[in-house]
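All remarks here apply to the structure that follows.
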Amino acid sequence: YDDGDLQMYFGIAGVSLTAENLNEWNKNYRLSRAYLDDEGDPVLEADLLANAGINREIIIEFVKVFIDSSAQYRSFVIEHEQAPTAPPASRRGGASF
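The sequence shown begins at 12 in this note's numbering and counts up one residue at a time.
Given below as structure tokens:
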């Protein structure tokens with residue numbers, strides 16, 4: 012960002028989570044936030060504010076923590092993924108019996 016803040020972003024496409032799932036993540040895990048993006052995909056973000064100063068070591072540690080959080084988030088998403096629902100018969104392109 013123009014003010015020097017840094018942001019990390021990790022998104023997973025093609026899975027479905029509920030807002031309740033993401034609230035659970037946000038309640039139980041620190042240093043990041045999860046939400047559904049504009050396409051409905053679950054994403055994870057974290058910010059490093061520059062107002063306290065930033066140096067190489069701080070940035071490296073921020074990235075390491077986010078990589079660890081992303082791995083935990085990926086496992087969380089897999090564990091909480093909602094089963095896809097079948098589209099109505101008229102949209103499946105086949106005959107219904």
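Glycine included, every Cβ here is placed at the ideal spot set by N, Cα and C.
So, helix, strand or coil for residue 26, using DSSP?
-> coil
What residue from 35, 16, 80 and 88 has the CA that sits closest to residue 42's CA?
-> 80
In the DSSP assignment, what are the bridge partners of residue 54?
-> Partner(s): 22 and 46.
Taking the C-alpha atoms as reference points, what is the distance between residue 67 and residue 55?
-> 23 Å
Given that a residue counts as buried once 16 or more other Cβ atoms are within 10 Å of its Cβ, and exposed if not, what is residue 32?
-> buried
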